[in-house]
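Residue numbers (this note's numbering): 14 to 288. Just so you know, even glycine gets a beta-carbon here, dropped at the ideal spot from N, CA and C. Accompanying notes for the structure given below.
Here it is, written out as C-alpha cells:
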C-alpha cells in the first residue's frame, strides 16, 4: 500500500526551458508538500539525471529549443533501465497530446496551467508509479525466496541421498514411466529389472531363480503408486542357497500433485538375519 507520505517523498524532475514555468511548478509542488524536487532548463541533461537519480515522475515540456520533449522521451526509452517510465508532458498544442501518449508519456496537462488539475494528475501518476515499484520489489523478493527454497530443497535432497547411501546398500529413483533415473549400488540386481538407458550400469540380473510371485507383488506395489516398507523378496542361487533382499520405496509428486516417479532404497539380508 502507498501512503500519503510515500507520495510526498517521491522524487520529481521538472524539465522546461522557461524559468518562469519551472518556478511556477516548483512553487506549486512545494506548497503541496513535496520536498524532493529537481529542476533543469537543459533537456539534453535529462537522461543522465534520470540514470543517476531514478526519478519517480518527470514533468516534461514538449516545446523546447535544441531538443524537444519528444526527443527527450526517445532518449529515456533508449537508455533502458526502468520498465515503467512515468512522464507527465506539458504542452500548449492540443494536437501533440496523442503523439505524446504514443511516445510513452503517461499523461499530459495543457498550458496555461490549471493548478488543481496539475496537482491531481501528479498525485495520481505518483501513486501508480509507487505501486508499480512496490510490486516489482515484491516480485523480486518472491524470486529470491524461490531460489532460496530451491537451494534448500536441493541441499535436503543431497543430504537424504547421502544418508540413504550410508545406511543402505542401494538407492534408486524411477520416472513416471518406470525408467530408472538414478541408481547407486547393485539396484538392478536387487530389483531384477532391465534398464536399457543405463548402458554403463551393472549387467542384467540372472533370469532364473527369482521368486516370481514376490517380484510380481513388488511390481504391483510400484504400479499402484503406493509406498511400501521393507518388502522382502529373493531368489535361489545355482548352488541351492537363498539370496534375500529388503526394499522400501515411496512415490514422488510435484506441487500440483502430478506423479513424478518413485525413489527408494534396499539392503541385502545377511544369512544370519533371514527368517
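Can you tell me whether DSSP reads residue i as helix, strand or coil?
{"i": "residue 58", "result": "helix"}
{"i": "residue 195", "result": "strand"}
{"i": "residue 47", "result": "coil"}
{"i": "residue 145", "result": "helix"}
{"i": "residue 75", "result": "coil"}
{"i": "residue 292", "result": "Past the boundaries of the shown model lies residue 292; the chain is included only from 14 to 288, so the question cannot be answered."}
{"i": "residue 31", "result": "coil"}
{"i": "residue 241", "result": "strand"}
{"i": "residue 188", "result": "strand"}
{"i": "residue 281", "result": "strand"}
{"i": "residue 16", "result": "coil"}
{"i": "residue 84", "result": "helix"}
{"i": "residue 168", "result": "helix"}
On a CA-only basis, which of the options is nearest residue i? Give me that one, please.
{"i": "residue 97", "options": "131, 282, 144", "result": "144"}
{"i": "residue 119", "options": "105, 129, 73, 246", "result": "73"}
{"i": "residue 265", "options": "38, 132, 26, 186", "result": "186"}
{"i": "residue 275", "options": "192, 230, 254, 252", "result": "192"}
{"i": "residue 60", "options": "41, 31, 27, 42", "result": "27"}
{"i": "residue 112", "options": "134, 75, 93, 188", "result": "75"}
{"i": "residue 78", "options": "169, 31, 267", "result": "31"}
{"i": "residue 24", "options": "254, 51, 170, 16", "result": "51"}
{"i": "residue 105", "options": "82, 115, 93", "result": "82"}
{"i": "residue 223", "options": "246, 235, 238", "result": "246"}
{"i": "residue 188", "options": "147, 236, 110", "result": "236"}
{"i": "residue 277", "options": "240, 268, 132", "result": "240"}
{"i": "residue 190", "options": "169, 273, 53, 35", "result": "273"}
{"i": "residue 55", "options": "37, 115, 47, 80", "result": "80"}
{"i": "residue 16", "options": "130, 147, 109, 110", "result": "147"}
Expressed to the nearest angstrom, what Euclidean distance is found between the alpha-carbon atoms of residue i and residue j?
{"i": "residue 256", "j": "residue 242", "result": "19 Å"}
{"i": "residue 212", "j": "residue 270", "result": "Interpretation of residue 212 is limited by its pLDDT of 46, a score under 50 that renders its predicted location unreliable; no figure is taken from the coordinates."}
{"i": "residue 209", "j": "residue 158", "result": "Its pLDDT being 48, under 50, residue 209 is placed unreliably in this model, and the coordinates cannot settle the point."}
{"i": "residue 117", "j": "residue 163", "result": "38 Å"}
{"i": "residue 68", "j": "residue 196", "result": "56 Å"}
{"i": "residue 65", "j": "residue 91", "result": "15 Å"}
{"i": "residue 58", "j": "residue 44", "result": "26 Å"}
{"i": "residue 227", "j": "residue 258", "result": "11 Å"}
{"i": "residue 230", "j": "residue 253", "result": "23 Å"}
{"i": "residue 41", "j": "residue 29", "result": "15 Å"}
{"i": "residue 225", "j": "residue 166", "result": "38 Å"}
{"i": "residue 155", "j": "residue 244", "result": "42 Å"}
{"i": "residue 18", "j": "residue 142", "result": "14 Å"}
{"i": "residue 248", "j": "residue 160", "result": "46 Å"}
{"i": "residue 280", "j": "residue 251", "result": "21 Å"}
{"i": "residue 14", "j": "residue 133", "result": "19 Å"}
{"i": "residue 21", "j": "residue 46", "result": "6 Å"}
{"i": "residue 71", "j": "residue 63", "result": "9 Å"}
{"i": "residue 53", "j": "residue 93", "result": "21 Å"}
{"i": "residue 282", "j": "residue 267", "result": "33 Å"}
Would you say residue i lies against chain C (beta-carbon separation less than 8 Å)?
{"i": "residue 225", "result": "Here there is only one protein chain, and chain C is not present."}
With a floor of 3 residues, list each beta strand (DSSP E) that falls wholly inside the stretch 245–275, ordered by position along the chain.
Listed in chain order, the beta strand (DSSP E) runs fully inside the stretch 245–275 are 255–266, counting runs of at least 3 residues.
Would you say the stretch 78–88 touches the stretch 124–136, given that touching needs at least three Cβ pairs under 8 Å?
No, they do not touch.
The stretch 96–116 / the stretch 130–139 touching (three or more Cβ pairs under 8 Å)
yes
Report the residue ranges of all beta strand (DSSP E) runs contained in full by the stretch 86–126; include only those spanning at least 3 residues, in chain order.
Counting only runs of 3 or more, we get 100–104, 120–123.
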